[in-house]
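Presented below is the structure to which this report refers.
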Amino acid sequence: MSNIRITKQFSFETGHALYGYDGKCKNVHGHSYKLSVTVIGSPITDRSNVKFGMVIDFSDLKKIVKEEIVDQFDHATVFNETTPHIELANELKNRGHHVILVDYQPTSENMVVDFADRIIARLPADISLFSLKLQETESSFAEWYASDNL
Numbered sequence: 001m002s003n004i005r006i007t008k009q010f011s012f013e014t015g016h017a018l019y020g021y022d023g024k025c026k027n028v029h030g031h032s033y034k035l036s037v038t039v040i041g042s043p044i045t046d047r048s049n050v051k052f053g054m055v056i057d058f059s060d061l062k063k064i065v066k067e068e069i070v071d072q073f074d075h076a077t078v079f080n081e082t083t084p085h086i087e088l089a090n091e092l093k094n095r096g097h098h099v100i101l102v103d104y105q106p107t108s109e110n111m112v113v114d115f116a117d118r119i120i121a122r123l124p125a126d127i128s129l130f131s132l133k134l135q136e137t138e139s140s141f142a143e144w145y146a147s148d149n150l
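Its first residue numbered 1, the sequence shown is counted upward by one per residue in the UniProt record's numbering.
Set out below in structure tokens:
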């Protein structure tokens, strides 16, 4: 049976700041992120399986990405836990805001690597993550490909 790639797209709103950066993104700001998740596998050939002909049910992929990324990052503010933004993060948390502290600079490049790790950990054994595309603006995005990360 052929390997087939399927893609599901997601969107979420997230704020962040790039501490130490020499441009405007050093300030707290947000993006309307678009995430495209592409997995690869062979369609199910067992005619008695309710998911016959599917690589993975789109709703199963949606559940994974929603739980691991969208539900966690939507309307959150992400800060690197090792920067002085930690004081701002703690103040926001104390005021009831959703703050995520990560061990990396929250660039699209680093976020897409984090997202890949989260998704891979949840995929069924016979399905592989093929690629991710994390778009932070209409013209700017980061991509992760499994083939680049062997």
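For each residue, glycine too, the CB sits at the ideal point set by N, CA and C. Everything numeric in this text was worked out from a predicted model, so none of it was measured.
Would you call residue i buried or exposed, if buried means 16 or more other Cβ atoms sit within 10 Å of its Cβ?
{"i": "S108", "result": "buried"}
{"i": "G53", "result": "exposed"}
{"i": "H16", "result": "buried"}
{"i": "V50", "result": "exposed"}
{"i": "E138", "result": "exposed"}
{"i": "L150", "result": "exposed"}
{"i": "T45", "result": "exposed"}
{"i": "E136", "result": "buried"}
DSSP has residue i in a bridge; who is on the other side?
{"i": "Q9", "result": "S36"}
{"i": "Q135", "result": "K34 and F141"}
{"i": "A89", "result": "In the DSSP output, where bridge partners are listed per residue, A89 has none listed."}
{"i": "N80", "result": "V102"}
{"i": "G14", "result": "Correcting the residue type first, residue 14 is Thr in the shown sequence and not Gly. According to DSSP, which records beta bridges pairwise, T14 is partnered with H31 and A76."}
{"i": "I4", "result": "G41"}
With residue i and residue j assumed to form a contact (beta carbons below 8 Å), what rounded beta-carbon distance in angstroms separates them?
{"i": "residue 154", "j": "T14", "result": "Limits of the chain in this structure are 1 at one end and 150 at the other, which puts residue 154 out of reach."}
{"i": "F79", "j": "P43", "result": "F79 to P43, Cβ: 42 Å. No contact."}
{"i": "Y33", "j": "L134", "result": "6 Å"}
{"i": "G41", "j": "I127", "result": "4 Å"}
{"i": "R118", "j": "E68", "result": "4 Å"}
{"i": "F12", "j": "V70", "result": "5 Å"}
{"i": "S36", "j": "Q9", "result": "5 Å"}
May I ask you to verify whether the region 48 to 62 touches the region 131 to 149, counting CB pairs closer than 8 Å and requiring at least 3? no
Check whether the region 108 to 128 touches the region 88 to 99, counting contact only when three or more Cβ pairs, one atom from each stretch, lie closer than 8 Å. no
Three Cβ pairs or more, each shorter than 8 Å: is that satisfied between the region 18 to 28 and the region 75 to 86? yes
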